[in-house]
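A.B. asks: Structure provided below as structure tokens; questions to follow.
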Amino acid sequence: ALPADVHVAWVPGAFEIPVVLRKLASSGRFDALVAVGAVVRGETPHFDYVAGEATKGAAEVGREHGLPVAFGVLTVDSWDQAVDRAGGKMGNKGAEAALSAVETANLLKEL
592 ALPADVHVAW VPGAFEIPVV LRKLASSGRF DALVAVGAVV RGETPHFDYV AGEATKGAAE
652 VGREHGLPVA FGVLTVDSWD QAVDRAGGKM GNKGAEAALS AVETANLLKE L
């Protein structure tokens with residue numbers, strides 16, 4: 592995609608991702624959506640709730656709107672793991688999610 596074709600919407604936290612995805616999907620302006628970010632496990636169960644709701648909510652938006660919603664939000668145990676997966680030795684999961692969204696949007700146009 593060209594930079595002019597990409598819209599970035601920042602959210603205050605991962606829990607807010609689904610509601611913003613829903614608003615973007617409802618606009619009808621996008622062929623695909625990609626959520627990227629990181630949720631790093633802490634000492635409390637808060638991680639499990641935030642990561643789970645962000646994941647489920649993003650998937651729900653995709654099903655509800657028939658729109659590819661790629662989930663490139665890292666759910667990791669440490670910042671080192673996040674760095675490794677955000678362009679480090681484990682690849683770039685955000686870029687992989689974006690590619691998946693574009694490929695799925697193209698497939699849906701063909702069907």
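Residue numbers (our numbering): 592 to 702.
Glycine included, every Cβ here is placed at the ideal spot set by N, Cα and C.
Can you list the alpha helix (DSSP H) stretches of 4 or more residues lying completely in the segment 615 to 665, in chain order?
C.D. replies: You should have 637 to 656.
A.B. asks: Tell whether a beta-carbon distance below 7 Å holds between Ala688 and Val625.
C.D. replies: Yes, the pair counts as a contact, with Cβ atoms nearer than the cut-off.
A.B. asks: Go ahead and pull the three-state DSSP assignment for Val597.
C.D. replies: If DSSP states are grouped into helix, strand and coil, Val597 belongs with coil.
A.B. asks: Report, in whole angstroms, the separation of the C-beta atoms of Ala616 and Val652, which I expect to be a contact under 8 Å.
C.D. replies: About 5 Å separates the two Cβ atoms, so the contact holds.
A.B. asks: Are the beta-carbon atoms belonging to Leu612 and Ala649 less than 7 Å from one another?
C.D. replies: Yes, the Cβ-Cβ distance between Leu612 and Ala649 is below 7 Å.
A.B. asks: The alpha helix (DSSP H) that contains Gly685, what's its start and end?
C.D. replies: Lys684 to Glu701 is the span of the alpha helix (DSSP H), which, as asked, contains Gly685.
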